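Colleague:
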Amino acid sequence: MRRNGYESYHGRSRGRNALKVLIGVLLVLLVLSVAALFFLEPYIHYSADGVRVELPFFGGSETETEPDPPAGTVPIQITTPEPTPSPTPEPEVDFRGVQLPAAALTDGTAQTQLEANRGTAAIFSMKEADGTLGYQSQTTLGTSSDQEGINEDIQTLNGGELYTVARISCFRDNALPWNDRALGIHSNSGNWRDDESVRWSSPAVESVRTYVAQVCGELAGLGFDELLLDNCGYPTRGTVSYIKSDSNYDPNTLTQTMEAFFQTLDQTLAQYPDIKVSVVTSLTVLGGGSDGSGLTLDLLKQYADRVYVQVPEGETVPTVEGLEIVPIVTQRTDTGSWALLS
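If you count by numbering that gives the first Met the number 0, then the sequence shown holds residues 0 to 341, one letter each, in order.
1. Is it true that the CB of Asn173 sits closer than 8 Å to the CB of Ala128?
2. Whole-angstrom Cβ separation of Ala101 and Val164, contact assumed at under 8 Å?
3. Which ranges would you report for the alpha helix (DSSP H) in the stretch 163–224 if only whole runs of at least 4 residues count?
4. Less than 8 Å between the CB atoms is what I'm expecting for Thr105 and Asp152, so what's the real figure, rounded?
5. Can you find the residues in the same chain that come closer than 7 Å, C-beta to C-beta, to Gly118, ignoring five residues on each side of it along the sequence?
6. Nearest CA to the CA of Gln213: which residue from Phe261, Val284, Phe123 and Leu161?
7. Grab me the residues of Tyr302's own chain with a C-beta within less than 8 Å of its C-beta, minus the 5 sequence neighbours each way, in chain order.
8. Since Pro317 and Ile327 should fall inside the 8 Å C-beta cutoff, what is the C-beta to C-beta distance between them, to a whole number of angstroms?
9. By how many angstroms is the C-alpha of Thr315 removed from the C-alpha of Gly237?
10. For the beta strand (DSSP E) containing Gly120, list its first residue and its last residue.
11. Please classify Gly107: does DSSP put it in a helix, a strand, or coil?
12. List the DSSP bridge partners of Arg305.
13. So the candidates are Ser246, Ser292, Leu18 and Glu195; which of them puts its Cα closest to the Cα of Cys169?
14. What three-state label does DSSP hand Gly96 in the structure shown?
15. Just how far apart, CA to CA, sit Ser188 and Tyr241?
16. I'd like the list of long-range same chain contacts for Tyr162, defined as Cβ closer than 8 Å, with 5 residues on each side in sequence excluded.
17. Per DSSP, what are the beta-bridge partners of Ala338 in this structure?
18. Whose CA, out of Leu132, Thr108, Ser124 and Glu81, lies closest to the CA of Leu339?
19. When we look at the beta-carbon of Val306 and count the other beta-carbons within 10 Å, is it buried (16 or more) or exposed?
20. Have a look at Glu258, Lys243, Val20 and Trp337 and flag the residue whose alpha-carbon is nearest the alpha-carbon of Ser186.
21. In angstroms with no decimal places, state the Cα-to-Cα distance between Thr256 and Asp297.
22. When burial is assigned at 16 or more other CB atoms within 10 Å of the CB, is Thr332 buried or exposed?
23. Looking at Asp349: is its Cβ nearer than 8 Å to the Cβ of Gly335?
24. Quick one: what's got a C-beta closer than 8 Å to Val308's C-beta in the same chain, skipping five residues either side?
25. DSSP puts Leu227 in a beta bridge; with which residues?
26. Measuring only the C-alpha atoms, how far is Asp194 from Asn230?
27. The alpha helix (DSSP H) spanning Gln154 covers which residue range?
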């Protein structure tokens, strides 16, 4: 009812006040939410599993476990290879050569005789200083063995476990100059002879060099493991001052001639790459000097697998890098390498 034209006053509306309170509360919550978002932003993590909040003061630690990998993922395994140990080298066995009689080539006693002499290599003289050959040869200059089946017997022996060496008197050859003076080393009176009255063929003659190389090739073909070149060079024994200087003996070309021989030998043995070539030499050559043979230390290093040398009493075996040296002895010993050639 109106009084004096005015409605009566009933006070403020309660619904309006409640709305204001609600709006205020919502504003406060909005402000708090925005503040919380800024505060928590460094600790919010996004992954394939969703959003994750990790607070440092709610159990996060260095020992926290890593999340499981996605299904179907194969873990990467890194394996560090272990180093392969280097093989232990086989200990070197001393070389102990023993010259056996020619009969041992065929009678089956070579192994027994070698063991009795405590040797490791059986040496057989296959070309003597008198020019004879210990086998049947196809060469035209040498004197072959007349023993039937000797080559087959040699091959049988060489096909076994025994280490065999063929000793060859290269240029100390009494037969060649006797049969043909043009092949020999001369004196003013004819063929020169050494202290045992043995003639020498000349390395300067090409047919002589070829013949010796052919003998070596045939022996390699028979299966010998090693060729021992004895008297390989010009004479150094006897009265060498009596040797006549001519086309068969030029003091200025001794070494060049011997190098030509080794080159011919290399070509002949090319089809036998496993065979060893050894040379008998002197202490003078091993010391870098000249003994008149035409051999030099450089030639031996280049063409020889090992060298044999006589060592006088009181002398020592020299050491030469890259060259195996075997002393020639008159009695066997229980230590070291050696060769018994008589």
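Every residue, glycine too, gets a C-beta built ideally from N, C-alpha and C.
Just so it is clear, the structure is predicted and the values come from calculations on it, not from any experiment.
Modeller: Taking the coordinates as given:
1. The residue given as residue 128 occupies position 129 in the sequence shown. The residue given as residue 173 occupies position 174 in the sequence shown. It is a contact, given that the beta carbons lie within the stated cut-off.
2. Looking up residue 101 in the sequence shown gives position 102. Looking up residue 164 in the sequence shown gives position 165. Contact between Ala101 and Val164 is absent: CB atoms are separated by about 14 Å, not below the 8 Å threshold.
3. Runs of the alpha helix (DSSP H) lying entirely within the stretch 163–224, each at least 4 residues long, are 174–178 and 205–220 in chain order.
4. Residue 105 sits at position 106 when you count from the first residue of the sequence shown. Residue 152 sits at position 153 when you count from the first residue of the sequence shown. About 4 Å separates the beta carbon of Thr105 from that of Asp152, a gap short enough to meet the 8 Å contact definition.
5. The residue you call residue 118 lines up with position 119 of the sequence shown. Closer than 7 Å at Cβ, skipping near neighbours: Arg95, Gly96 and Val97.
6. Translated into the one-based positions of the sequence shown, residue 213 becomes position 214. For Gln213, the closest alpha carbon among the candidates Phe261, Val284, Phe123 and Leu161 is that of Phe261.
7. For the purposes of this step, residue 302 is taken as the residue at position 303 of the sequence shown. Excluding positions up to five away in sequence, the list reads Phe261, Leu264, Asp265, Val276 and Val278.
8. The count along the sequence shown starts at 1 and reaches residue 317 at position 318. The count along the sequence shown starts at 1 and reaches residue 327 at position 328. That pair is no contact at about 14 Å.
9. In the sequence shown, the residue the question calls residue 237 occupies position 238. In the sequence shown, the residue the question calls residue 315 occupies position 316. So the two alpha carbons sit approximately 25 Å from each other.
10. Your numbering for residue 120 matches position 121 in the sequence shown. What sits at residue 120 in the sequence shown is Ala, not Gly. Where Ala120 is concerned, the enclosing beta strand (DSSP E) stretches over Ala120 to Lys126.
11. Mapped onto the sequence shown, residue 107 falls at position 108. Here Gly107 sits in coil by DSSP.
12. Taking the sequence shown and counting its residues from 1, one reaches residue 305 at position 306. The partner list for Arg305 (beta bridge, DSSP) reads Ser277 and Glu323.
13. Counting from 1 along the sequence shown, the entry for residue 169 is found at position 170. It is Ser292 whose Cα lies nearest to the Cα of Cys169.
14. Working through the sequence shown from its first residue, we reach residue 96 at position 97. Strand at Gly96.
15. The sequence position of residue 188 within the sequence shown is 189, counting from 1. The sequence position of residue 241 within the sequence shown is 242, counting from 1. Separation of Ser188 and Tyr241 (C-alpha to C-alpha, rounded to the nearest whole angstrom) is 10 Å.
16. Counting from one through the sequence shown, the residue named residue 162 turns up at place 163. Cβ-Cβ distances below 8 Å link Tyr162 to Thr119, Ala120, Ala121, Asp224 and Glu225 in the same chain, with the five nearest sequence neighbours on each side left out; the list follows chain order.
17. Taking the sequence shown and counting its residues from 1, one reaches residue 338 at position 339. Bridge partners of Ala338: Gly96 and Ile327.
18. Within the sequence shown, the letter at position 340 stands for residue 339. Taking only the C-alpha atoms, the option nearest Leu339 is Ser124.
19. The residue labelled residue 306 in the question sits at position 307 within the sequence shown. Taking every protein chain shown into account, the CB of Val306 has 16 or more other CB atoms within 10 angstroms, so this residue is buried.
20. Position 187 of the sequence shown holds residue 186. Closest in alpha carbon position to Ser186, among Glu258, Lys243, Val20 and Trp337, is Lys243.
21. Taking the sequence shown and counting its residues from 1, the one referred to as residue 256 is at position 257. Taking the sequence shown and counting its residues from 1, the one referred to as residue 297 is at position 298. One C-alpha to the other measures close to 14 Å.
22. Your numbering for residue 332 matches position 333 in the sequence shown. Per the 10 Å Cβ criterion, exposed.
23. Outside the modelled stretch of the chain, which goes from 0 to 341, sits residue 349, for which no answer is possible.
24. As a working mapping, residue 308 is identified with position 309 in the sequence shown. Correct list, in chain order: Val279, Thr280, Ser281, Leu282, Leu285, Val316, Ile324, Val325, Pro326 and Ile327.
25. The count along the sequence shown starts at 1 and reaches residue 227 at position 228. Paired residues: Arg166 and Ser277.
26. As a working note, residue 194 is residue 195 in the sequence shown. As a working note, residue 230 is residue 231 in the sequence shown. In this model, Asp194 and Asn230 are separated by some 14 Å (Cα to Cα).
27. For this step, residue 154 is matched to residue 155 along the sequence shown. Judged by DSSP secondary structure, Gln154 falls within the alpha helix (DSSP H) whose first and last residues are Ile149 to Asn157.
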